[in-house]
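A.B. asks: These protein sequence lines map, in sequence, to chains A and B. Position in the first sequence counted from 1, then plus 210, gives you my numbering. Position in the second sequence counted from 1, then plus 629, gives you my numbering. Backbone N, C-alpha and C fix where the C-beta goes; we use that ideal spot for every residue, glycine too. Note that this is a predicted model, so its numbers are computed, not measured. Sharing a structure here in structure tokens format.
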Amino acid sequence: MQLKSVYKIPNGKLLKIILDYNSKNKSINNISITGDFFAYPEESIDIMEEKLKDTLLIKENLFEKINSVIKKYNIEFIGLDAEGLVEGIFRCLK
Amino acid sequence: MKEKWRLLKTEDNSAFTNMAIDRAVMVENGKDKAPPTVRFYTWKPPAISIGYFQSLKEEVDLEVCKNLGVEYVRRITGGGAVFHDKELTYSIVISESHPLVPKNILESYRRICGSIIRGLKHLWIESKYAPINDIIVNNKKISGSAQTRKSKTVLQHGTVLIDVDVDKMFKILKVPNEKIKDKLIADVKQRVTSIKHISGNNTSFNDVADAMKIGFEEEFGIELVNGDLTRKEIDLTKKFEKECFSTYEWNYRR
């Protein structure tokens, strides 16, 4: 199932997510993270999208996974943050 | 004696060429083959550039672009879609280790935007930095910028609006909710301004470029010396134009 969300990060930028998820086990098949935010290095968003595949759509799990990727790849977001990403993903399900 | 940086003025290039030049200068600077460089440029025909993380099809009405003769290109920098028409676009390329550039990304935005603020002052316009990446006059945006860092080199490019046609801009840009498009246009008209709107005069690209040159010189305490692209930068520009910025794979990657 493919869903979309548009979410303005508080004090940040506009995040647009396209989510393809497995409705049976509630996990991410594919995710596309787009918007007018900044991420350094830029390649980190491709990595984030890849690493989020198969992650269960449980807030705590997602938050933990996103933060671990940020830490591991030394990602700096401007106008975006882990909380915003989780919120954007969950808004796809509403 | 003041440190000398290179100044490039390259008017009327295509969207693909403009983005390829910024990347070529960045690559050469990263190899210590190019000095710190400030470039002032324009776009011919007018063009829309989208941020690195944006989806071209989501943000831009490609059919309208075609009908109006507006080009489009994906930037290597993040940020939002920009309609480049009556403006001066600037770029600065400088080593990340240069002592005049803050290591902190937000601090470096503020510092580089300081040049534009000083430049606007020379056009009798009082403006201020509005984090993350804007410059405003009376709470209205007159300039927006975007920065990337690769191979220990900083590239920041941005616009200084000489005039602005919000209606035309919204013909090209898609909005998330068509139902509120009219309100959105009215809002943006309230939130965006230009040198022409403020001064009431038609200021030329060259006059704005002269003011911005002084702005950069004052902000960084350097001297900008007119220069040209090197042979290698010209070759790299052609390469990036052909292999990256003009390709479907690049522009439609999101």
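Decide if the region 725-745 of chain B is in contact with the region 802-814 of chain B; the criterion is three or more beta carbon pairs, one per stretch, under 8 angstroms apart.
C.D. replies: The answer is no - the region 802-814 of chain B does not touch the region 725-745 of chain B, with fewer than three Cβ pairs under 8 angstroms.
A.B. asks: From this set, A:Met-211, A:Ser-233, A:Gly-298, which residue's C-alpha is nearest Lys-269 of chain A's C-alpha?
C.D. replies: Of A:Met-211, A:Ser-233, A:Gly-298, the residue nearest in Cα terms is A:Gly-298.
A.B. asks: Using a C-beta cutoff of 7 angstroms, does Ser-726 of chain B count as contacting chain A?
C.D. replies: Chain A, which has no Cβ nearer than 7 angstroms to the Cβ of Ser-726 of chain B, makes this no.
A.B. asks: Verify whether the separation of the beta carbon atoms of Glu-657 of chain B and Glu-870 of chain B is less than 7 angstroms.
C.D. replies: Not closer than 7 angstroms, so no.
A.B. asks: Using 8 angstroms for Cβ pairs, my map puts Asp-792 of chain B next to Ser-823 of chain B. What's the rounded Cβ distance?
C.D. replies: 5 angstroms between Cβ atoms; contact.
A.B. asks: Using only alpha-carbon positions, find the residue among B:Leu-691, B:Pro-675, B:Thr-639, B:Val-730 that is nearest to Glu-848 of chain B.
C.D. replies: Ranking B:Leu-691, B:Pro-675, B:Thr-639, B:Val-730 by Cα distance to Glu-848 of chain B puts B:Val-730 first.
A.B. asks: Nearest-angstrom Cα distance between Tyr-701 of chain B and Ser-678 of chain B?
C.D. replies: In a straight line, the C-alpha of Tyr-701 of chain B is about 6 angstroms away from that of Ser-678 of chain B.
A.B. asks: Considering Leu-229 of chain A, what are the terminal residues of the beta strand (DSSP E) in which it resides?
C.D. replies: From DSSP, the beta strand (DSSP E) with Leu-229 of chain A extends over 224-232.
A.B. asks: Please classify Val-693 of chain B: does DSSP put it in a helix, a strand, or coil?
C.D. replies: The answer is helix: DSSP assigns Val-693 of chain B an H, G or I state.
A.B. asks: Got a sec: is the Cβ-Cβ distance from Phe-799 of chain B to anything in chain A below 7 angstroms?
C.D. replies: Chain A, which has no Cβ nearer than 7 angstroms to the Cβ of Phe-799 of chain B, makes this no.
A.B. asks: If you draw a straight line from the C-alpha of Asp-864 of chain B to the C-alpha of Trp-634 of chain B, how long is it?
C.D. replies: Each residue's Cα considered, the two are about 22 angstroms apart.
A.B. asks: Decide if the region 274-293 of chain A is in contact with the region 243-253 of chain A; the criterion is three or more beta carbon pairs, one per stretch, under 8 angstroms apart.
C.D. replies: Enough Cβ pairs lie closer than 8 angstroms, so yes.
A.B. asks: How many Å lie between Asp-714 of chain B and Val-699 of chain B at the Cα?
C.D. replies: Cα-Cα distance, rounded: 9 angstroms.
A.B. asks: Near Glu-878 of chain B, which residues of its chain fall below 7 angstroms by C-beta distance, leaving aside the five closest residues on each side in sequence?
C.D. replies: Nothing listed; no residue qualifies.
A.B. asks: Which residue marks the beginning of the alpha helix (DSSP H) containing Glu-297 of chain A, and which one marks its end?
C.D. replies: Taken as a continuous stretch (DSSP letters only), the alpha helix (DSSP H) holding Glu-297 of chain A covers 292-301.
A.B. asks: For Glu-736 of chain B, which three-state DSSP category applies?
C.D. replies: Helix, per DSSP.
A.B. asks: What span of residues does the beta strand (DSSP E) with Leu-784 of chain B cover, start to end?
C.D. replies: Element bounds for Leu-784 of chain B: 782-790.
A.B. asks: What in chain A is Cβ-close to Arg-704 of chain B, meaning under 8 angstroms?
C.D. replies: None at all; the shortest Cβ gap to chain A is about 10 angstroms.
A.B. asks: Measure the Cβ-Cβ separation of Ile-843 of chain B and His-751 of chain B and say whether it is below 7 angstroms.
C.D. replies: Cβ atoms of Ile-843 of chain B and His-751 of chain B: closer than 7 angstroms.
A.B. asks: When the cut-off is 7 angstroms and only beta carbons count, does Arg-747 of chain B lie next to chain A?
C.D. replies: Not one chain A Cβ lies under 7 angstroms of Arg-747 of chain B.
A.B. asks: From the DSSP output, in three-state form, read off Ser-756 of chain B for me.
C.D. replies: Three-state result, Ser-756 of chain B: coil.
A.B. asks: What would DSSP say about His-713 of chain B, mapped onto helix, strand or coil?
C.D. replies: In the structure shown, His-713 of chain B sits in a strand (DSSP, three-state: E or B).
A.B. asks: Which of the three DSSP states is assigned to Asp-641 of chain B in this structure?
C.D. replies: Three-state DSSP puts Asp-641 of chain B in a strand.
A.B. asks: Please classify Glu-755 of chain B: is it buried, with 16 or more other beta-carbons within 10 angstroms of its beta-carbon, or exposed?
C.D. replies: Exposed.
A.B. asks: Which chain E residues sit within Cβ distance under 9 angstroms of Thr-777 of chain B?
C.D. replies: Within the model displayed, chain E is absent; protein chains A and B are what it includes.
A.B. asks: Any heavy atom of the ligand NAD inside 6 angstroms of the beta-carbon of Ser-720 of chain B?
C.D. replies: Looking for the ligand NAD in the displayed structure turns up nothing, as the structure carries no ligands at all.
A.B. asks: Consult DSSP for Glu-700 of chain B and reduce its assignment to one of helix, strand or coil.
C.D. replies: Glu-700 of chain B falls in the strand class under three-state DSSP.
A.B. asks: Measuring straight from C-alpha to C-alpha, what distance separates Thr-788 of chain B and Lys-223 of chain A?
C.D. replies: Those two C-alpha atoms are separated by around 19 angstroms.
A.B. asks: Does the region 664-683 of chain B come into contact with the region 716-732 of chain B, if we say contact requires no fewer than three beta-carbon pairs (one atom in each stretch) closer than 8 angstroms?
C.D. replies: The region 664-683 of chain B, when compared against the region 716-732 of chain B, does touch it at the 8 angstroms Cβ threshold.
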